[in-house]
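Structure first, commentary second.
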Amino acid sequence: MSGNLGFENTDTILSENRIFAPPSDAIENANITAYMKSKGFDDYEAFYKWSLENRFEFWEDMAKGLHWFEPWQKTFEWTDKPFFQWFVGGKFNIVYNCLDRHMQTPVRNKVAFYWEGDEGETRTITYEQLYTMTNQLAKGLQNLGVKKGDRVAIYMPAIPEQVVALLAVARLGAVHTVIFGGFAASALSDRINDAQAKVVITADGNYRGGKLIQLKHITDEALQDTPTIEKAVVVRRLGIDVSMQEGRDIYYDELLKDIPEDTIVPCEPMDSEDLLYILYTSGSTGRPKGVVHVQGGYGVGVYTTTKFVFDIKDDDVYWCTADIGWVTGHSYIVYGPLMNGVTSVMFESTPTYPAPDRLWSIVERFKVTTIYTSPTAIRGLMRFGEEWPAKHDLSSLRLLGTVGEPINPEAWMWYRKNIGRNELPIMDTWWQTETGMILISPTIRQPLKPGSATRPMPTIEADVVDKNGVSVGSDKGGFLVVRHPWPSQMRTIYGDPERYKTYWETIPDVYFAGDAATIDKEGYLRIQGRVDDVIKVSGHRLGSMEIESSLVSHPAIAEAAAIGKPDPVKGEHVKVFVILRNGFEPSEELVKEIKLHVRTTVGALAVPDELEFAPSLPKTRSGKIMRRVIRAKELGQEVGDTSTLDA
Ligand code: PRX
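Numbering of the sequence shown is given in our numbering, commencing with residue 565 and proceeding in unit increments.
What follows is the structure, given as structure tokens:
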């Protein structure tokens, strides 16, 4: 079991500062308070209990805050378990809710994104401009033959055109699949092939932290092996020379050049349950899974949680530092903030480039009110010292957030003290690619405990259970599960419904999250880490098998095992054990070559920090490598049940 191990002082911090009282009325969450009051509640716990019994009323109320071309006939249907539907029969387009409906309100002239590039260049995009850009690209894509249901791959840097790409695709009723710009060519082609994408949108290249990323070059390599791709659209982010294949490749600006600015491509009215996107994420096998999200329910879930967790106000400048290549970017850079008409910051670079005060300098310059970042970013910046945030006026901030991995109490305290002036609440939000929206998080009203994501969101019936599904009770470890579907939950795994079923069958009739957790007497949850072969490196999700398949594709390697080890900054890092083929000898050179091989086949994020040449690996009698045993030995822990070990 991986997780929040190896951090110092955790127990002291927990006992000394166990509870932070609710903050003052000045930061009272207006959105959730107003809703609670409308239902006659003052107290969150009583309201939460009500929401479990009235979940459909709650979600209907939330859905009514959005625009539907035609109302739904049935709120929820679960006849073909574990498959379910929300807002059955409704006609909806998430992009209409992100853009079109704001064109009749003052949001039209509001800034949608303050964008800052790697070298500090800036752009300001209003909602109206975003609407124009989206319509133009939608027309351009239509001209390339993209229509409802087609899949479009997006492999781009963090520039406004990336947001426009998602919106234009969804506007047409096509399905986007975004691939993180840090993935290598074969990871890109695997995802394109699984989704059978027809078009890919990319850029010539970009700089990140001063380092050139040759996106078009990598795309060219990937497209040698992607029979379904007909067209590649290329944004000139840098204006560098790249090869353009006649008949296949077209520059973004050339695609749009004859399309008038006032072009309107109406939003395709989609069925609530029609696909919005596929997002690939790692699981226990070598093949990443295409998590499927749909238009209606996903829209409602993400709209609601953005409002409640981040307590959205009209004059907010909200900043989620994630990348759109991950689910956090889909839900809380693109769809959630835009549906709520909020002004956001979008950032192309890294927290330490050119110096470790980049984030704080942006907060000061754009007067950011809400920052949502990762524990890894905080731990990484902690190392540089308190003087870096101290250089900046951070008084515009009123709310902090984290996501992606457990936050150790030391990092939580540092964040609150140095960024939150010892008073700002921290929303530690637990969720997953599969859940689509935040499921466990404070909503400002609750007392906070460092290192705890606190309580479930309204209607979310989260519990900690043993392997038979029985609640373990307070302060005992178990598996995190959720007992009833919520609107933005994934609907299936693309092309692999059997794999989807395992989420509801590992423990019968509940959603099995794959995390270990504890629950305390007040019902506060502490998520400890994955119980499967998923490794969380800097909050990025990797599968042991993905790394191992890359390793064994190297000519020197016969067998390999990859595990996650606790890391003081990254949460976990990758350690691999390899058995060499006959005729190969361990050497420093070979270590370098193997690391490079992982970098060029999977991507930089999967490169192991540690590599050990091993004479043998523990296996079951049927030949399966026992990573659990390797990991326990590596961490000096009890090895546990080894009855299946091949002695
Ligand atoms: O282990 C949990 C961890 O991230 C996993 C989901 O990863 P992914 O699908 O990449 O989505 C990340 C962004 C939503 C979870 O199974 N995780 C996420 N948030 C937290 C967390 N662990 C502890 N605390 C969190 N707040």
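Here a beta-carbon is modelled for each residue, glycine too, at the ideal position from N, C-alpha and C.
Across the structure, V1193 and G653 are spaced so that their CA atoms are roughly 50 angstroms apart. Relative to ligand 1, W1050 has its C-beta separated by 7 angstroms or more from all heavy atoms. Nearest to H894 by C-alpha distance, out of V881, V855, R1145, is V855. Cα atoms of W623 and E837: separation of roughly 16 angstroms, rounded to the nearest angstrom. Checking the 7 angstroms criterion, the Cβ of D606 is out of range of every heavy atom belonging to ligand 1. Measuring C-alpha to C-alpha distances from T790 to each of G773, V806, V764 identifies V764 as the nearest.
The shortest CA-to-CA distance from P953 to any of V1142, K1065, G900, G984 is the one to G984. CA-to-CA, the gap between K1100 and I935 works out to about 22 angstroms.
8 angstroms or more divides the Cβ of P1049 from the Cβ of L1012. DSSP lists Y936 as the bridge partner or partners of C884. In this structure, DSSP gives Q859 a helical state, which the three-state scheme calls helix. Counted as a single uninterrupted DSSP element, the stretch harbouring F948 is not any beta strand (DSSP E), since DSSP gives it neither H nor E. 8 angstroms or more divides the Cβ of W650 from the Cβ of P724. When DSSP states are grouped into helix, strand and coil, A594 belongs to the helix group.
Put simply, of V881, E998, A610 the residue whose alpha carbon is nearest the alpha carbon of G865 is E998.
If the five residues before and after Y660 are omitted, its C-beta is found closer than 6 angstroms to the C-beta atoms of H631, C831, all from its own chain and listed in chain order.
For W924, the enclosing alpha helix (DSSP H) has its first and last residue at 922-930.
Counting along the chain, L708 sits inside no beta strand (DSSP E), nor does DSSP assign it H or E at all. Sorting D1073, K1197, G1187, E1152 by C-alpha distance to the C-alpha of K1129 places K1197 at the top. Taking 7 angstroms as the cut-off, the C-beta of V1133 does not count as close to any heavy atom of ligand 1. With a beta-carbon spacing of about 24 angstroms, V1046 and L1106 fall beyond the 8 angstroms limit used to define contacts. Going by DSSP, L1012 is part of no beta strand (DSSP E) at all; its letter is neither H nor E.
Here the region 771-783 makes contact with the region 909-922; the two share three or more CB pairs at distances below 8 angstroms. Between the beta-carbon of Y1058 and that of D758 there is about 7 angstroms, and that keeps the pair under the 8 angstroms contact cut. No Cβ-Cβ contact shorter than 8 angstroms links L1169 with H1118. Counting along the chain, G900 sits inside the alpha helix (DSSP H) bounded by residues 900-903.
Contact annotation, T1082 with D1027: C-beta distance approximately 12 angstroms; criterion of less than 8 angstroms not satisfied. Distance between K762 and V716, taken at the CA atoms: about 6 angstroms. In the structure shown, E974 adopts helical secondary structure according to DSSP, grouped into three states.
Counting only the Cα atoms, A1122 lies some 58 angstroms from H666.
One Cα belongs to N595, the other to V898, and the distance between them is close to 20 angstroms. One thing to note: V742 has its Cβ no nearer than 8 angstroms to the Cβ of A767. For Q1092, the secondary structure class from DSSP, reduced to helix, strand or coil, is strand. The DSSP-derived three-state label of Y841 is strand. A direct Cα-Cα distance of roughly 40 angstroms separates A1124 from D921. Note on geometry: alpha-carbon atoms of S959 and D878 lie some 18 angstroms from one another.
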